[in-house]
Structures are given as C-alpha cells and as structure tokens.
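According to our numbering, the sequence shown is numbered sequentially starting from 2.
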Amino acid sequence: MHNGLDEDPLALFRRWYEDAEAGSAAPEAAALATATPDGRPSVRMVLVKRVDERGFAYHTNLESRKGGELAANPRAALLFHWRELGRQVRIEGAVERVSEAEADEYFRTRPRESRLAAWASPQSRPVADRAELDGLYRQAEARFAGGDVPLPPHWGGFRVVPDVYEFWQHGENRLHDRVRYGRDGNGWRRERLAP
Ligand SMILES: Cc1cc2nc3c(=O)[nH]c(=O)nc-3n(C[C@H](O)[C@H](O)[C@H](O)COP(=O)(O)O)c2cc1C
2 MHNGLDEDPL
12 ALFRRWYEDA
22 EAGSAAPEAA
32 ALATATPDGR
42 PSVRMVLVKR
52 VDERGFAYHT
62 NLESRKGGEL
72 AANPRAALLF
82 HWRELGRQVR
92 IEGAVERVSE
102 AEADEYFRTR
112 PRESRLAAWA
122 SPQSRPVADR
132 AELDGLYRQA
142 EARFAGGDVP
152 LPPHWGGFRV
162 VPDVYEFWQH
172 GENRLHDRVR
182 YGRDGNGWRR
192 ERLAP
C-alpha cells in the first residue's frame with residue numbers, strides 16, 4: 002500500500018475487492034452498523050451485492066431492526082474484513098434506498114427458496130418456535146404455488162453512499178498501514194493514520 006495509492010478510493014476498493022475475490026472465502030460479506038436516533042448502535046452481517054459510483058448496496062427486509070433504524074437515522078457504517086489478505090476496509094456514509102426496479106432486478110436473481118423465505122420471514126420479530134417459521138414458509142409456498150415469486154413489498158435494498166473510507170493493511174511489527182479518504186467537495190482528501 003506504500004505505492005499504488007489511488008486518488009479515488011473507489012478505484013482502490015475495486016482493486017482490493019478483486020484481490021479478495023481471488024483470495025478470501027467471503028469477499029462480499031460486511032458488517033453493517035446502524036444506530037437509533039439517540040445513538041444506540043447495532044451491527045450485523047450483510048452481503049454487499051453491488052458496488053459502483055453511487056455506493057455500496059445490499060438487500061434486506063425493510064421492516065427489520067436495521068430497516069427501522071435506517072428509516073429513523075439514515076446513516077451507516079460498513080466493515081469488510083478479508084482475513085486471508087490481512088486487510089480491512091471501513092466505510093461510513095448516508096444511506097438511501099435503492100430503486101424498486103433495482104431491488105426487483107436483484108430479487109429475481111435469488112433462488113426460488115430464498116424468494117419464498119423473504120415472503121415468509123417477518124425478519125427481526127419474535128416467532129413462537131421453528132414450527133411457526135416453517136408454517137409461514139409453507140403458506141408462502143402455497144400462495145405462489147407454481148407461479149412467479151415477486152418482490153415482496155417489505156423487501157428492498159439500501160445503498161451506503163460513502164463520505165469516509167479507511168483502508169487498513171496488516172504490516173510488520175504492528176506497524177499497519179491505515180489510509181483514510183474523506184469526501185472533500187467533488188474530490189477526496191487522503192491522510193495516513195497511525196496504527
Ligand atoms: C455472512 C452473512 C450474510 C448475511 N447477509 C444478509 C443480507 O444480505 N441481508 C439480510 O437481511 N441479512 C443478512 N444476514 C443476516 C443478518 O446478519 C441479520 O441476522 C438479519 O438481517 C437481521 O438483522 P436485524 O435484526 O439487525 O435487522 C447475513 C448474515 C450473515 C452471517
């Protein structure tokens with residue numbers, strides 16, 4: 002990372018992501034942190050399915066805990082950790098909903114069983130037991146028997162629009178490299194941080 006630092010953090014992210022695709026078990030898995038408006042944080046894993054100039058998109062139940070927190074406080078942080086490469090990338094920013102068309106396009110790439118589960122599961126709500134969940138799944142199966150399983154109204158995508166990136170590369174003697182990019186007008190300000 003001493004050389005090869007990009008002006009544009011997205012370009013650097015893409016290069017690191019390519020390395021992760023080649024050398025990491027779960028390149029697209031990231032921890033997503035959200036918070037309530039009074040500042041109580043929560044974190045969970047998501048799969049980041051699309052990365053482009055607009056930001057980092059993932060999909061979920063809009064009525065889930067994270068969905069509720071983002072509706073009330075539309076900011077989030079993402080953390081990718083590629084252990085095999087000794088790298089992490091932190092991303093922070095505002096969050097927006099992806100368009101319904103884009104959510105639909107992604108939803109249709111999911112296996113039928115996953116689409117049925119999206120209909121069946123009241124994500125983040127208590128359920129009595131496994132049997133209740135299995136029953137909800139069977140209801141969804143019956144509802145769409147033999148037909149298309151469309152995008153549920155309670156399901157969609159969010160996009161984290163980065164205003165901060167931090168790239169961390171494991172180094173010798175704990176002298177890791179940390180480089181932070183902060184949005185600065187139309188460009189980015191880059192600074193090195195002590196490890
Ligand atoms: C590797 C991994 C990837 C996951 N990807 C997603 C995802 O893309 N979308 C999602 O809604 N939940 C995903 N989950 C489940 C979430 O971590 C979480 O349990 C769920 O979204 C409910 O979170 P919430 O109650 O905070 O809203 C994933 C879990 C793991 C372990």
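Beta carbons: idealized from backbone N, C-alpha and C, even for Gly.
Taking every protein chain shown into account, the CB of P163 has 16 or more other CB atoms within 10 angstroms, so this residue is buried.
Burial of L63 is indicated by the presence of at least 16 other C-beta atoms within 10 angstroms of its C-beta. A heavy atom of ligand 1 is found nearer than 7 angstroms to the CB of A30.
Judged by DSSP secondary structure, G94 falls within the beta strand (DSSP E) whose first and last residues are 88–98. With a beta-carbon spacing of about 4 angstroms, V165 and E93 fall inside the 8 angstroms limit used to define contacts. DSSP, reduced to helix, strand and coil, places A72 within a helical segment of the structure shown. Across the structure, D53 and V96 are spaced so that their CA atoms are roughly 14 angstroms apart. Sorted by chain position, residues whose beta-carbon lies closer than 7 angstroms to a non-hydrogen atom of ligand 1 are A27, A30, S43, R45, M46, V47, L48, Y59, H60, T61, N62, S65, R66, K67, G68, Q124, S125.
Contiguous alpha helix (DSSP H) elements confined to the stretch 10–48 occur at 10–24, taking only those with 4 or more residues. Pairing H60 with G158 gives a Cβ-Cβ distance under 8 angstroms.
Distance from the CA atom of F168 to the CA atom of E192, rounded to whole angstroms, is 11 angstroms. By the beta-carbon neighbour count (other beta carbons within 10 angstroms, threshold 16), E70 is buried.
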